[in-house]
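Residue numbers (UniProt numbering), protein chains in the order written: chain A, 1 to 160; chain B, 1 to 160.
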DNA sequence: GTTCCACTGAACAAACTGCCCAGTGAAAAC
DNA sequence: GTTTTCACTGGGCAGTTTGTTCAGTGGAAC
């Protein structure tokens, strides 16, 4: 939908201090409350802001091990595999990617030993031909959005 | 830190309707406001809840293409490569993984053609020996946390 | 039996929200 | 050139929520 610099600054402010309300937002942006409200509504209804759900840290829940598994799927078994993986709570994310019927999923586990259990459960299905797993050691760049927002706001060229 | 069923329900409620406040939360949980407040504070200070930042959809910002790139890094070049990738706004996430000096990063781009530009920028560095990219076609399971929270709350055995 | 701790239920002032309105300026349409 | 449209401003209002504090209760640990 495209965002201008004001939208960009609004998103940055929200990313830095999510608890601030519309009023405080408008103060920091130097605009009227109605404007901040309208911008926020537009970003939300336009799908740019999907929501404000809590960002939960799996490690703090007792799942400090993260891994990415690449799965090779037998022809036509895709839907079954998806349904299967959806039932595994340790599967946090699943993508289908280009390549020979591949899927990529993000897993967490209580320990390296526990990861074996998770993987066994994940691959314990007919449709999965092969799985290769990479265990995450460090996370130098956690999921971030601000740089992209800044880029998108600049590209729009509009003031803000 | 471990969570009990009440914490679990609280997290689920927040995940479903993030805008509700502490008062509404306490009403739905059937506890006093102070209790909901205290639980929320504990989860936040304990690191389970990292924050309530807006979940921004890159597609709505004009970046509908997502890809995962596996990078093979030359010995000792890790830190330089990290620093380099941090400067690329289209790099949303970066992990170092087990394997031969590998990194895994999540990219977005404005189009498949634009992805080439992003990848060129990503690999445009001495330390990177090889890069293989998988373009995401579908995302059957978007990043989710509720099933894991439920699991963690059950495992604790405590009431809620 | 005492202490500790989480929870309840209540109160209060301060702040925020949702909602409304009239007025302004600039760009677009006629 | 005139009119219309639209985003923004700045203000007001009632209702609700928040931050904070307090006394009282019940269970568990010591």
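Where a beta carbon is used, it is the ideal one built from N, C-alpha and C, also for glycine.
Opposing strand residues paired with residue 72/B [DSSP bridges]: Answer is 102/B and 130/B, bridged to residue 72/B.
Where the alpha helix (DSSP H) containing residue 78/B begins and where it ends: From DSSP, the alpha helix (DSSP H) with residue 78/B extends over 78 to 86.
Buried or exposed (CB count within 10 angstroms, at least 16 for buried), residue 79/B: Residue 79/B should be labelled exposed.
Per DSSP, the bridge partner or partners of residue 66/A: Residue pairing by DSSP puts residue 66/A in a beta bridge opposite 108/A.
Residues sharing a beta bridge with residue 12/B, DSSP: Looking at the DSSP assignment, residue 12/B forms no beta bridge with any residue, so it has no partner.
Neighbourhood of residue 97/A by C-beta, 8 Å cutoff - its chain only, sequence neighbours within 5 removed: Scanning its chain for C-beta atoms nearer than 8 Å, with the 5 sequence neighbours on each side dropped, one finds around residue 97/A the residues 103 and 104, in chain order.
Three-state secondary structure (DSSP) of residue 46/A: Residue state, collapsed to three classes: coil.
Own chain residues within Cβ distance below 7 Å of residue 121/B, not counting five before or after: Within its own chain, the residues whose Cβ lies closer than 7 Å to the Cβ of residue 121/B, once the five positions on either side in sequence are excluded, are 88, listed in chain order.
Whole-number beta carbon distance between residue 95/B and residue 139/A, since they are thought to touch under 8 Å: Indeed, because the Cβ distance is near 5 Å, the residues count as touching under 8 Å.
Exposure of residue 159/A, with buried meaning 16 or more beta-carbon neighbours within 10 Å: Bear in mind that the predicted position of residue 159/A carries a pLDDT of just 43, short of 50, making it too unreliable to give a figure here.
Residues within the UniProt domain "HTH asnC-type" (3 to 64) of chain A neighbouring chain B, beta-carbon criterion of under 7 Å: Of all residues in the UniProt domain "HTH asnC-type" (3 to 64) of chain A, 3, 11, 14, 15, 18, 19, 46, 47, 48, 49, 50, 51, 52, 53, 54, 55, 56, 57, 58, 60, 61, 62 and 63 have a Cβ within less than 7 Å of some Cβ in chain B.
Beta carbon proximity, residue 126/A to chain B, threshold 9 Å: No, residue 126/A lies away from the interface with chain B (no Cβ there is under 9 Å from its Cβ).
Straight-line gap, residue 65/A to residue 99/B (C-alpha atoms, nearest Å): Using only the alpha carbons, I get a separation of about 16 Å.
Whole-angstrom distance between residue 153/A and residue 18/B, CA atom to CA atom: C-alpha separation (whole angstroms): 26 Å.
Exposure of residue 49/A, with buried meaning 16 or more beta-carbon neighbours within 10 Å: Buried is the label assigned to residue 49/A, since at least 16 other Cβ atoms lie within 10 Å of its Cβ.
Same chain only: Cβ atoms within 8 Å of residue 150/B, ignoring 5 sequence neighbours per side: Excluding positions up to five away in sequence, the list reads 8 and 12.
Own chain partners of residue 68/A with C-beta closer than 8 Å, once the 5 adjacent residues on each side are dropped: Taken in chain order, the residues that qualify are 104, 105, 106, 107, 133, 134 and 136.
Sequence-distant residues of its chain with Cβ nearer than 6 Å to residue 77/A (five each side left out): 127, listed in sequence order.
Helix, strand or coil at residue 145/A [DSSP, three-state]: DSSP places residue 145/A in coil when its eight states are reduced to three.
Euclidean distance between Cα positions of residue 119/B and residue 129/B: If you draw a straight line from the Cα of residue 119/B to the Cα of residue 129/B, it comes to about 13 Å.
Anticipated Cβ contact below 8 Å, residue 36/B with residue 10/B, distance rounded: The pair is a contact, with the Cβ atoms about 7 Å apart (cut-off 8 Å).
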